[in-house]
Amino acid sequence: MQIIRSIAEMRAWRCSAGKLAFVPTMGNLHAGHLALVQAAKQQADKVVVSIFVNRIQFGQGEDFDAYPRTFETDCEQLRVAGVDVLFFPSEQELYPRVKQAFNVEPPHIQNELCGAFRPGHFRGVATVVSKLFNIVQPDIACFGKKDYQQLHVIKAMVADLNMPIDVVPVDTGRAADGLALSSRNGYLSAEERSEAPRLYRHLQSMRDSLLAGSQDYVALERAAWQDLEQAGWRVDYVEIRQADTLAIAHAGEERLVVLIAARLGRTRLIDNIEVQRVASSAA
Ligand code: PAF
């Protein structure tokens, strides 16, 4: 595996790469990232993974400084996974003017769900991902469904800005007890780790109620919220939305997604589950 640090070298390599799939990451890799790499390998001749901890998507008081930097073990995992190039730019390389004048501004969805609790986060994500797309110039880019809102923002950006890139969503990797794999799980104490799967259990039980025909979204959201708070979580949101568009869901909607963000101790966990309901045959 080649490690490339400069934009010029990355662009030069890309010219002879053929069909190229790309997996952007912030490092601290786990099995969920490796599933993205496997999906990328199935789609293209060559695979590039980037590692860049993107300061501008972290808010004040968030974990930018504490974010785990695990370069050596990340490299080893990527090598074993058969990645062709690791793009590993410095901050100076990617943001030479420190505060750049132009940013990619997502529409209103950037202020909803996670965006309501992390102002500027999705602008930071859209900006760095479009920079990375311009540098790596992939044909395909793989993103995990765990960051459902991020996936939505990237898909909308690629469509609206006519980027010639196929965005491939990859299912969320889970531990045996259902907890979604995340770099932030490493912040959980042993006690918190055993409590954490409660979040996914709520998603499953809300999905089951929706599949059984429940239309009272508010009641389902409130019940999950209350149980999590009683178990010691601080809930940011529990929401049932239209899948894909993330618009407010109305009764009778067929394609839904349930999204939860909640804090366990100092760790903020997010997860979601898609629900495909069969169209009602009633007139
Ligand atoms: O999902 C992530 O790891 C990051 O948000 C991304 C897409 C690499 C942008 O920094």
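With the first letter of the sequence shown counted as 1, position 85 gets the number 265 in our numbering; the numbers rise by one all the way through.
We put the CB at the ideal spot given by N, CA and C, even for glycine.
Note that the structure is a prediction, hence the values are computed from the model and not measured.
- The set of residues with CB atoms less than 6 Å from any heavy atom of ligand 1 reads, in chain order, P204, T205, M206, N234, Q237, V305, V308, V309, D327, Q330.
- Counted as a single uninterrupted DSSP element, the beta strand (DSSP E) harbouring N452 occupies residues 447 to 456.
- Where I183 is concerned, there is no enclosing alpha helix (DSSP H), although the beta strand (DSSP E) around it starts and stops at 182 to 184.
- Between the alpha carbons of F232 and Y380 lies a gap of roughly 29 Å.
- Residue state for T307 is assigned as helix, using DSSP reduced to three classes.
- Listed in chain order, the non-local C-beta contacts of E372 below 8 Å within the same chain comprise L444, G445, T447, local neighbours out to five positions each way being set aside.
- In chain order, L383, M386, R387, I420, N452, I453, V455 place their CB closer than 7 Å to the CB of V438, counting only its own chain and leaving out the 5 sequence neighbours on each side.
- A contact between stretches requires three or more CB pairs, one per stretch, nearer than 8 Å, and the stretch 256 to 263 meets this requirement with the stretch 205 to 219.
- In this chain, the alpha helix (DSSP H) harbouring I187 covers 187 to 195.
- Close CB contacts of G324 within its chain, under the 7 Å cut and outside five residues either way in sequence, are with G212, L216, V350, T352 (chain order).
- Secondary structure of K226 (DSSP, three-state): strand.
- For D254, the enclosing alpha helix (DSSP H) stretches over residues 251 to 261.
- Scanning its chain for C-beta atoms nearer than 6 Å, with the 5 sequence neighbours on each side dropped, one finds around N283 the residues R303, T307, in chain order.
- The stretch 328 to 348 and the stretch 264 to 279 do not touch, with fewer than three beta-carbon pairs separated by less than 8 Å.
- The beta carbon of P377 is closer than 7 Å to those of D357, G358, L359 in its chain, skipping five residues each way along the sequence.
- Taking a 10 Å sphere around the C-beta of S362, we find 16 or more other C-beta atoms and assign the residue as buried.
- In the DSSP assignment, A441 falls outside any alpha helix (DSSP H) and lies within the beta strand (DSSP E) extending over 435 to 444.
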